[in-house]
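Residue numbers (the UniProt record's numbering): 1 to 392.
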């Protein structure tokens, strides 16, 4: 758990899922105490001994967002959902799933049918929602089938992928996905069977994804996949701290150049994903047709260029967001300091202009050149305030 906690904190993870734990909620609750700054939610455990795995899935939510959790439910030992509600009628539901492998088709199809039913119900309730976990399915092999063999794509074995793609759900292809870096290693075969799917409402906020090489950590036979979303979805919805706002000079909206940069990054990421899909499909087609003299290097070069551009653009975007955040905070601090240090009357007038027209002082510092005094007694503070306003 210490390694998981370090991974979450170092990578600034707000939602972290763990699947196939084989642990009961009570056991996971005890172990998750070692994951600092996160609140955990866990599914029940399959006690029927049905299949090779007893399941168990968990979701860790950073405490800054965990206060918005209104409801969570263990639908089975392999499906967990957590609902978060934010201001502005923003509803977010996170599904954590573990779909059994193909050696137990009965259980596998039961989980898939239940998941599709839950997703359909969630869509009808206008939730922003995401489905993350171990799907035990190879999307790269399914894409050509979905694009060129619609009858085969709709068969029972492909039911979940067919439902997601035909209903405009989107999975962000990791930029560093390669033949040597996937999410699962088995018998010298590297595949990607772990995904984060976003609904049509949520996918517009999806930025990019990457695979974290956790081979040296020895915490799992899977590599974690990290998907990044635009924080603007929740920036206006997250509860602000209880505090008195002085003045009206603080603007929280992004400047136009930063918003334009964010849109450009999203567009370039989607273009790179499309080129990647076409590249794989074209490679497969040329291989079947045995056109050895055909060249697809241009696609590979274009894809590599787009990926490099996307990485550079993401770095620039993160830098600009940090600069904007720092400048916004500094502007607010400077405005407050100016009110306190340069003109005390400005602060008093600004505070009195608030709807409540009330100031509560629990400490008053008298800046006297020879006898500076800190007042903490309510009676002394009242007397000093009266004298101040009488001589104001």
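All residues carry an ideal CB built from backbone N, CA and C; glycine is no exception. What you are looking at is a predicted structure, and each value in this text was computed from that prediction instead of being measured.
- Boundaries of the beta strand (DSSP E) harbouring residue 82: 79-86, taken from the DSSP string.
- Per the DSSP secondary-structure output, residue 69 pairs in a beta bridge with 84.
- In the structure shown, the three-state DSSP call for residue 75 is strand.
- Cα atoms of residue 141 and residue 110: separation of roughly 23 Å, rounded to the nearest angstrom.
- With respect to the C-alpha of residue 45, the residue from 378, 22, 81, 35 having the closest C-alpha is 22.
- For residue 130, no alpha helix (DSSP H) encloses it; the enclosing beta strand (DSSP E) starts and ends at 128-134.
- For residue 324, the three-state secondary structure derived from DSSP is helix.
- In the DSSP assignment, residue 94 forms a beta bridge with 82, 130.
- The bridge partners DSSP lists for residue 171 are 197.
- Contact holds between the segment 4-23 and the segment 53-65, because three or more Cβ pairs, one in each stretch, are under 8 Å apart.
- With a cut-off of 8 Å on Cβ pairs, the segment 72-79 is in contact with the segment 88-98, counting three or more such pairs.
- Cα atoms of residue 194 and residue 184: separation of roughly 8 Å, rounded to the nearest angstrom.
- The Cβ-Cβ distance between residue 116 and residue 163 falls below 8 Å.
- If you draw a straight line from the Cα of residue 306 to the Cα of residue 192, it is about 21 Å long.
- Here residue 118 has no same chain residue with a Cβ atom under 6 Å from its own Cβ, once five neighbours each way along the sequence are excluded.
- Going by DSSP, residue 376 is part of no beta strand (DSSP E) at all; its letter is neither H nor E.
- Measuring C-alpha to C-alpha distances from residue 173 to each of 158, 208, 143 identifies 208 as the nearest.
- In chain order, 91, 93 place their CB closer than 6 Å to the CB of residue 127, counting only its own chain and leaving out the 5 sequence neighbours on each side.
- Closest in alpha carbon position to residue 231, among 321, 167, 211, is 321.
- Of the residues assessed, residue 112 falls on the buried side of the cut-off, its CB having 16 or more other CB atoms within 10 angstroms.
- Collapsing the DSSP output to three states places residue 271 in a helix.
- Residue range 159-166 is occupied by the alpha helix (DSSP H) that includes residue 162.
- Comparing C-alpha distances from residue 73 to each of 85, 48, 41 shows the shortest one belongs to 41.
- A straight-line Cα-Cα distance of about 8 Å links residue 226 and residue 196.
- Distance check between residue 85 and each of 55, 125, 106 places 125 closest, using alpha-carbon atoms only.
- Residue pairing by DSSP places residue 184 opposite 191, 222 in a beta bridge.
- Taking residue 30 as the centre and dropping the five residues before and after it, the same chain places no C-beta closer than 7 Å to its C-beta.
- Residue 36 and residue 11 have their C-alpha atoms roughly 14 Å apart.
- Membership of residue 207 in the beta strand (DSSP E) is indicated by the continuous run 206-211.
- Secondary structure at residue 57: strand, using DSSP grouped into helix, strand and coil.
- Secondary structure at residue 24: coil, using DSSP grouped into helix, strand and coil.
- In the structure shown, the three-state DSSP call for residue 146 is helix.
- Pairing residue 153 with residue 159, the inter-Cα distance amounts to about 8 Å.
- Residue range 15-19 is occupied by the beta strand (DSSP E) that includes residue 17.
- When DSSP states are grouped into helix, strand and coil, residue 388 belongs to the helix group.
- DSSP, read as helix, strand or coil, puts residue 99 in coil.
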